[in-house]
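Asks: My questions will all concern the structure given below.
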Amino acid sequence: MLGASFTLLTVFASCSKDDPELVEEQELITAVELKFTSANTAAQTVRWTLDTNSTPSIVLQSNTQYQVAVSFLDESDPADVEDITEEVKEEADEHQVFYEFSGVSLDFSSADSDVLDSNNNPLYVNSVWNTNASGSGTVRLYLIHEPLTKTSSNRSGFGGETDVEVDFTIVVQE
Amino acid sequence: MKYFVCFLLLAVYWPTAINGQSCEYQLEGQVIDLHDNLPIFGAVVAIEGTDLFGQTDEEGNYNITGLCKGFIRISVTHALCDTIERNINLRSNTKLNFELEHHINELNEIVLSENEIRRISASVNESKLNADQLTRLSNQSLSETLNTLVGVSSLKTGSSIAKPMIHGLYGSRVAIIANGMRLQDQEWGADHAPTIDLNGFESVQVIKGAAALKYGGDTAGGMIVLTPEKKGIKDSLYGSSVLNGVANGRGGSGSSRLTKTFSNGYYVSGQFTAKQFGDRQAPDYLLTNTGLKETSIGIALGRTKIQTGWEFNYKRFQNETGILRSAHIGNIGDLLRALESNVPLRIDSFDYDITSPKQQALHQNLQVTYFDQLSDETKLKLDYNVQLSNRKEFDVRRGNRSDRAAIDLTLQTHEFLGSLERQKRFNWDFEWGINGVFQDNYSNPETGVKRLIPDHQRYQLASFITGKYSPSNLFLWEWGLRADQIFLNAQKFYDTTDWKQRGYELDFAEFEQKDFGTQLLVNPKYNFTNISGQTGISVQLKEGITSTFSYILTQRAPNVSELFSDGLHHSLAAIEYGSLNLGKETSHKLILGIKKESKVFSFGFDPFLNSINDFIYINPSGVELTIRGAFPVWEYQATDVLMWGIDAYVSIRFSDQFSYDANAAYTYAQNVTENKPLISTPPLSLFQQLSYTFTPSKIEIQLAHRLTARQNRFPNTNFLVNQLELGEISEREVDVSTPPDTYQILDLYFSLPLSKQKKLKSSLRFIIQNLTNVTYNDYLNRLRFYSSELGRNIQLQLVLNY
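Protein chains in written order, with the working numbering: chain A, 1003 to 1176; chain B, 2 to 803.
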């Protein structure tokens, strides 16, 4: 009996262990890109990444219409950049892109090229922005996961969990 | 006083007579209590040097046959008392009675059942729950059950996850000892409920401080000791079943236990519990995704003789716990919306489904125990156990990944505990032992989420010696010393930028192992030498009044969460970081106890004082910007802490039928270095209960009242966030500090015995918790921001004993 107990002791394990594997993170979003196109001006791409110390700046003309496309990227491995926007579009029912503005008056709506969910609610990955008078302020971009409702005029109304919330400075010039 | 101990142990073996000796003599008699002449059940009267023994029945009578003529040495043993010896010269059939005396500082009333609970520490007062009380709480988790004891609170994460807290300390500072070995199940996690089912045990004792050094020297809070039933040495088959139907959650549980014992000492015992309920109900709304599924199996096989015995014990515990859906938030903006809402933001209709966020745990425990009374003075006990604990946490994830765990930890522990106990004389008792632990944690990378806790191994070797000196019933002195050597070896990935920013590149360059560019594989190694000790006395002042005083020193090495934590906690909306700079904690605790016990009026008053140097805790340290916006950052750091408190109870027996019990607990905890209160300190709590038993029907009614006061001592950990609302950016304060108001709850308990036949005893119980459906929040519930606590819960319980 005594002997049995002691032999069990020798099961004291793993002499050499393998090093742990590096985790391949799959849902990380490390960068957000906004691409602005309009009839009269050159295309503008503004990027937000974790490393930028200053808030990125968007410069738009007043009283102009812009086509705006948002991209969510995983650049944690620069050699293998993942476009998370595809997953967002595939799960249109569970996601919502939204914008809120302060300091400037701007209207945005769904673009023709936008993705609709199964109830025909716009996702706003592709949107149309109509600038009004000049001014400067902030635009906050949201990516909402599992919103409670798909129709709302502000962030609070959507509910759900925020996966992305980034600020851009916006300047609307004459 | 000639007789101090309950049992006399006859250790001397006088040579038996030569062949031709007549061996047909009989020894019989009765064992009774010295004070009140009541019979003692379950005492073992043994003839030293032979296999002959007898056990006293319910009338205290024993009977031994087949004895040889001549000098014999008789020993009398009982679970609660020390052994007693007596020599006689047997010349004919003899009738011999024994009178036993319990220690004054142990139970005052003799419990006439097989389930006597042996005290673990004599110089620190214990709180305990016996089998009957455990049955009543059979449907609840361990922590919820212990909550009823004075000085014990629960740190909760929602309604189904609770961890025990003793004197304001929890996690690695509280150990759970089951069947003589420590439960190893990632107890460092504040949201890791203990993976153990109380239904497999006969009694629960709570010891404040590390008064039982045998099991560990690092538990400044205390120890919770779970003891299985003692098996008798006779032919028997018995068991019990408890069936619970629970209205809140529309579920229930069933638990059954069966034990077969043989007169040659063999026994086999099995236990099975299954529990399930769906979404729980708060008074004003349903708590979506708060269901629970749990199963637990245990098998024990062994042999117990008086001198020696062994046991194999296997337990398997598995559960799946839903976490309130509305508690899963993305960022501070989400938290603000939750704080401002009176109801959870997501309420679906009732179902039993458990979806993300949720936890899954599987814990297996295989234990081998052996004991041997090597000589009349010395007893050897060996325990070896293997525990395998897997924990998975599921988050709400994108891309159909909600079914893949975000955290997947497998903890494997091998532990050995050997002790040698020597009872040198009536007055002195020593125990010396060795404890060895090997533990390995594997953090599965298949989750696709950066590991919250890294892969690591822990090697621990400890030795302890404890002693007790009791020259009379009136005085006892207890002491102990323990030394632990711990080696921790981890392998963790750090972001290269983080590693540099935190200064680790300078301080811990020797840990760097491999560079992966943006990530660095680091191999931290730590060695700790911890010393712990305890000394205490117990003095009987007057008839029925006992005073105890104990000083306890504990040292605790930082756990893996405190050292290596790294990540975002969704429901807490905080980023937590461990610190490689942490060292061990040293705690000095003084516990005073004054206790009066008598038939009519009993009370207890236990103040304590606890000073902890280099106390490790988590504290806000700044703000970090992420893709979800800004988050408060909390970091583990060390500080000096001073705590004191009082546990008190009172018990009045107006008559055999009518009684009143009350208890109160208060804890004061101050972060001395920062000169502010310590977070998550349990507030003042009061409990009182009126019980009435009808005769002769034995119907029992109990009304209980609980009050938990508002915690007015708390640190301000609020922070500011920029919210964009109605075209304006404004700074908002996020109030996560303010504790909820005082609340009071009433519980009603009703018990009706159904049948009293010897073979089958059954009773029906009716339990209503939160009788008046009060809406309240608990400060120690980390998810209190998202919902209120449970509303009224009506339970029906059927108990069968066979």
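Just so it is clear, CB atoms sit at the ideal spot from N, CA and C, and this is done for glycine as well. This one's a predicted model, so the numbers in the text were calculated from it and none came from an experiment.
1) Could you tell me the distance, in whole angstroms, from the CA atom of Asp52/B to the CA atom of Leu410/B?
2) Which one or two residues does DSSP pair with Ser376/B in a beta bridge?
3) Compute the beta-carbon to beta-carbon distance between Leu1145/A and Val1099/A, rounded to the nearest angstrom, for a pair I have assumed lies under 8 angstroms.
4) Alpha carbons only, please: which of Pro40/B, Gly152/B, Gly210/B is nearest the one belonging to Ser173/B?
5) I'd like to know if the region 727 to 737 of chain B and the region 757 to 771 of chain B are in contact, where contact means that at least 3 CB-CB pairs between them fall below 8 angstroms.
6) Between the region 1018 to 1030 of chain A and chain B, which residues of the former have CB atoms less than 9 angstroms from a CB of the latter, in chain order?
7) Does the distance from the C-beta atom of Leu340/B to that of Asp736/B stay below 8 angstroms?
8) Would you say Gly223/B touches the ligand FMN, meaning its beta carbon is less than 7 angstroms from a heavy atom?
9) So Leu143/B and Ile197/B are in contact, right, with Cβ under 8 angstroms, and what is the actual spacing, rounded?
10) Could you check if Gln360/B is buried or exposed, using at least 16 other CB atoms within 10 Å of its CB as the buried criterion?
11) If you reduce the DSSP assignment to three classes, tell me which class Leu337/B lands in.
12) Would you mind reading off the limits of the beta strand (DSSP E) that contains Asp1069/A?
13) Distance check for Phe488/B and Ala463/B, CA to CA, integer angstroms please.
14) Roughly how many whole angstroms lie between the Cα atoms of Ser257/B and Gln758/B?
15) Out of curiosity, what's the CA-to-CA distance linking Lys515/B and Asp1119/A?
16) For the alpha helix (DSSP H) containing Gln502/B, list its first residue and its last residue.
17) For Val1070/A and chain E, any beta-carbon pair shorter than 8 angstroms?
18) Should Arg92/B be labelled buried (16 or more other beta-carbon atoms within 10 Å of its own) or exposed?
19) Which partner residues of Val153/B appear in the DSSP bridge assignment?
20) Under a three-way DSSP split, which group does Ser128/B fall into?
21) Once DSSP output is grouped into helix, strand and coil, what is the label at Lys1095/A?
22) Rank Phe1103/A, Ile1086/A, Tyr1126/A by C-alpha distance to the C-alpha of Gln1069/A and give the top, closest one.
23) Give a yes or no on whether the C-beta atoms belonging to Ser681/B and Leu708/B are separated by under 8 angstroms.
24) Check this for me: beta carbons of Ser124/B and Val151/B, under 8 angstroms apart or not?
25) Rounded to whole angstroms, what is the Cα-Cα separation between Glu107/B and Phe476/B?
26) Should Asp1021/A be labelled buried (16 or more other beta-carbon atoms within 10 Å of its own) or exposed?
27) When DSSP labels each residue in this structure, what does Ala328/B get in the three-state scheme?
28) Whose Cβ in chain A lies nearer than 9 angstroms to the Cβ of Asn94/B?
29) So with CB distances below 7 angstroms, who are the chain A contacts of Lys70/B?
30) If we call anything under 8 angstroms between Cβ atoms a contact, is Thr1087/A one with Asn1123/A?
31) How would you call Gly159/B, buried or exposed, if buried means at least 16 neighbouring beta carbons within 10 angstroms?
32) Less than 8 angstroms between CB atoms is the rule here; does Gly323/B satisfy it with respect to chain A?
33) Determine the burial state of Ser1059/A: buried for a count of at least 16 other Cβ atoms within 10 Å of its Cβ, exposed for fewer.
34) Just the Cα atoms here: how many angstroms apart are Val438/B and Asn528/B?
35) Are the region 592 to 601 of chain B and the region 543 to 558 of chain B touching, with three or more C-beta to C-beta distances below 8 angstroms?
36) What's the call for Ser376/B, buried or exposed, on a 16-neighbour Cβ count within 10 Å?
Replies: In terms of the structure at hand:
1) On the second sequence, position 51 is the one that residue 52/B refers to. On the second sequence, position 409 is the one that residue 410/B refers to. If I take the Cα positions, the gap works out to 50 angstroms.
2) Reading the second sequence from its first residue, position 375 is the one you call residue 376/B. The partner list for Ser376/B (beta bridge, DSSP) is empty, contrary to what the question assumes.
3) What you label residue 1145/A is simply residue 143 of the first sequence in a count that begins at 1. What you label residue 1099/A is simply residue 97 of the first sequence in a count that begins at 1. Between Val1099/A and Leu1145/A the Cβ distance is about 6 angstroms, and since that is below 8 angstroms, they are a contact.
4) Counted from its first residue, the second sequence places residue 173/B at position 172. Of Pro40/B, Gly152/B, Gly210/B, the residue nearest in Cα terms is Gly210/B.
5) no
6) Lys1019, Asp1021, Pro1022, Glu1023, Leu1024, Val1025, Glu1026, Glu1027, Gln1028, Glu1029, Leu1030
7) Position 339 of the second sequence, counted from the start, is the residue given in the question as residue 340/B. Position 735 of the second sequence, counted from the start, is the residue given in the question as residue 736/B. Taking 8 angstroms as the cut-off, the beta carbon of Leu340/B is found closer than this to the beta carbon of Asp736/B.
8) Among the components of this structure there are no ligands whatsoever, and the ligand FMN is therefore not found.
9) On the second sequence, residue 143/B is found 142 positions in, with the first residue counted as 1. On the second sequence, residue 197/B is found 196 positions in, with the first residue counted as 1. That pair is a contact at about 6 angstroms.
10) What you label residue 360/B is simply residue 359 of the second sequence in a count that begins at 1. Counting Cβ neighbours within 10 Å, Gln360/B comes out buried, since at least 16 surround it.
11) In the second sequence, the residue the question calls residue 337/B occupies position 336. Reduced to three states, the DSSP call for Leu337/B is helix.
12) Counted from its first residue, the first sequence places residue 1069/A at position 67. A small fix is needed here, since residue 1069/A is Gln in this sequence, not Asp. Start and end: 1067 to 1076.
13) If you number the second sequence from 1, residue 463/B lands on position 462. If you number the second sequence from 1, residue 488/B lands on position 487. Within the model, the alpha-carbon separation for Ala463/B versus Phe488/B is close to 12 angstroms.
14) Position 256 of the second sequence, counting from 1, holds the residue named residue 257/B. Position 757 of the second sequence, counting from 1, holds the residue named residue 758/B. Taking the straight line joining both Cα atoms gives about 19 angstroms.
15) Taking the first residue of the second sequence as 1, we reach residue 515/B at position 514. Taking the first residue of the first sequence as 1, we reach residue 1119/A at position 117. Roughly 46 angstroms separates the two Cα atoms.
16) If you number the second sequence from 1, residue 502/B lands on position 501. Residues 497 to 502.
17) Annotation note: the requested chain E is absent from the structure, which comprises protein chains A and B.
18) The residue labelled residue 92/B in the question sits at position 91 within the second sequence. Classification for Arg92/B: exposed.
19) Working through the second sequence from its first residue, we reach residue 153/B at position 152. Bridge partners of Val153/B: Ile167/B.
20) Working through the second sequence from its first residue, we reach residue 128/B at position 127. In the displayed model, Ser128/B falls within a strand according to three-state DSSP.
21) One-based indexing of the first sequence puts residue 1095/A at position 93. With the sequence shown as reference, residue 1095/A is identified as Asp, and Lys is not the correct amino acid for it. Asp1095/A falls in the helix class under three-state DSSP.
22) On the first sequence, residue 1069/A is found 67 positions in, with the first residue counted as 1. For Gln1069/A, the closest of Phe1103/A, Ile1086/A, Tyr1126/A by C-alpha to C-alpha distance is Tyr1126/A.
23) Here residue 681/B corresponds to residue number 680 of the second sequence, with the count starting at 1. Here residue 708/B corresponds to residue number 707 of the second sequence, with the count starting at 1. Contact flag unset, no.
24) For the purposes of this step, residue 124/B is identified with residue 123 of the second sequence, where counting begins at 1. For the purposes of this step, residue 151/B is identified with residue 150 of the second sequence, where counting begins at 1. In this structure, Val151/B does not lie closer than 8 angstroms to Ser124/B by Cβ.
25) To locate residue 107/B, count along the second sequence from 1; it is residue 106. To locate residue 476/B, count along the second sequence from 1; it is residue 475. Residue confidence for Glu107/B is low, a pLDDT of 30 falling below 50, so the modelled location carries little weight; the figure read from the coordinates is stated next. Each residue's alpha carbon lies about 12 angstroms from the other.
26) The residue given as residue 1021/A occupies position 19 in the first sequence. Exposed is the call here.
27) Along the second sequence, one-based indexing puts residue 328/B at 327. The answer is helix: DSSP assigns Ala328/B an H, G or I state.
28) By one-based count along the second sequence, residue 94/B stands at place 93. Residues of chain A with a Cβ closer than 9 angstroms to the Cβ of Asn94/B do not exist, since the nearest Cβ in that chain sits about 37 angstroms away.
29) Against the second sequence, residue 70/B aligns to sequence position 69. Per Cβ cutoff of 7 angstroms: no residues; Lys70/B is ~34 angstroms from chain A at best.
30) As a first step, residue 1087/A must be located in the first sequence, where it is residue number 85. As a first step, residue 1123/A must be located in the first sequence, where it is residue number 121. No.
31) As a position in the second sequence, residue 159/B is number 158, starting the count at 1. Flag for Gly159/B reads buried.
32) The residue you call residue 323/B lines up with position 322 of the second sequence. Not one chain A Cβ lies under 8 angstroms of Gly323/B.
33) By 1-based counting over the first sequence, the position of residue 1059/A is 57. Exposed, since its Cβ has fewer than 16 Cβ neighbours within 10 Å.
34) The residue labelled residue 438/B in the question sits at position 437 within the second sequence. The residue labelled residue 528/B in the question sits at position 527 within the second sequence. Approximately 14 angstroms between the Cα atoms of the pair.
35) yes
36) Mapped onto the second sequence, residue 376/B falls at position 375. Under this definition Ser376/B is an exposed residue.
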